[in-house]
Every structure is written in structure tokens, then in C-alpha cells.
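Working notes, structure below.
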Amino acid sequence: MMMIPRRHDFDLWDEMFRDPFFTEGESKLMKTDIKEKKDRYLIDIDLPGYEKEGIKIEIQEGYLTVHAKVDKEDDKEKGKYVRKERYTGECSRSFYVGDNVKEEDIKAKFNNGTLTLEIPKKEDKKELPEKRYIPIE
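Just so you know, we're using this note's numbering here: the sequence shown kicks off at 24 and counts up by one.
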């Protein structure tokens, strides 16, 4: 039997999700939606609090990587924080888009804290090896 303290404001469900297992890194995650269209993919990445200048997008060996950096430190006025929830630092995510997608194929825009990427669908052209038969004696 589990012992639960009796408090008027205690909710086991809420208390469970306050555990660091569920909340660790939650605000740092680049929440992403990927939508498939007929000829392209649309990727929306939430980056609230970031500036366009702090976002870098690169493609290398078939992987598209979005790297974002934000620095909210205010050096003008020093003081002790009682609580600090605004994130300062870097985060990144990578997506495999294929070896045929090039930098110039991708369109990107940043509006109201959302980065939108438009990536054309390009099939990887893998040549099938020539069939070779084993002779029968």
C-alpha cells in the first residue's frame, strides 16, 4: 500500500509529472512538426526567445542540422536570482533528408519564434548491381 500525505492541494498526478524524469530538458527541446506534401516536406520548429541571427542550418552527408543559440544574460544589472526559468545556451536537432538534397534546394524562414523549412522530396538514386549468374557445371 502506498502512503500519500493528506494535503488539500496535493494531486498525485500533478506531483508525478513534476518529477525531474519528466521535466528535465523539457524547455530546451526544439519541438518539431514534420508535414509531408506531394513533392516536399515542411518542418516547423518552435524556437521561442531565439533570434534569427542565433540560428544556423547546415546540411552534411545527408543530414540537415539546425543549431540554435540564445544568450539572455543581462550584464547591466547584477543580482541574485530567486528563480530563473529562461533558457540560455545552445541546442540542435538533426534530420536525415538524403544525399541528393543540397543546400540550395532548402528554403527557410523564421517568423514569430517558429523556424519553417521546406525540403523537396528527392529520391536516393541507388543503382542496382548488374545481375551475375553463377555457371553450373
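Just so you know, even glycine gets a beta-carbon here, dropped at the ideal spot from N, CA and C. Predicted model only: the values in this text are computed from it and were never measured.
Asked                                                                                                                                                              : Found
Roughly how many angstroms separate the alpha carbons of Glu84 and Glu127, rounded to a whole number?                                                              : 15 Å
Output needed for Thr137: all residues of its chain with C-beta closer than 8 Å, excluding positions within five of it in sequence on either side, in chain order. : Asp67, Ile68, Asp69 and Leu70
Where does Glu146 land, buried or exposed, given buried means 16+ other C-beta within 10 angstroms?                                                                : exposed
Excluding sequence positions up to five away, which residues of its chain have a Cβ less than 8 Å from the Cβ of Ile82?                                            : Thr88, Val120, Val124, Lys125, Glu126 and Ile129
Please name the residue in Asp56, Lys75, Thr55 and Met53 whose C-alpha comes closest to that of Asn135.                                                            : Lys75
Near Thr55, what residues of its chain come up, given a Cβ to Cβ distance below 6 Å and the 5 sequence neighbours on each side ignored?                            : Ile68
Judging by CA-CA distance, which residue of Leu52, Lys107 and Glu141 is the nearest neighbour of Tyr73?                                                            : Leu52
Gly72 lies in the beta strand (DSSP E); which residues open and close that run?                                                                                    : Neither: Gly72 is in no beta strand (DSSP E) and is coded neither H nor E.
Name the DSSP beta bridge partners of Asp56, please?                                                                                                               : Asp67
What residue range is occupied by the uninterrupted beta strand (DSSP E) comprising Tyr86?                                                                         : Tyr86 to Val93
Look up Glu141 in the DSSP assignment and say whether it is helix, strand or coil.                                                                                 : strand
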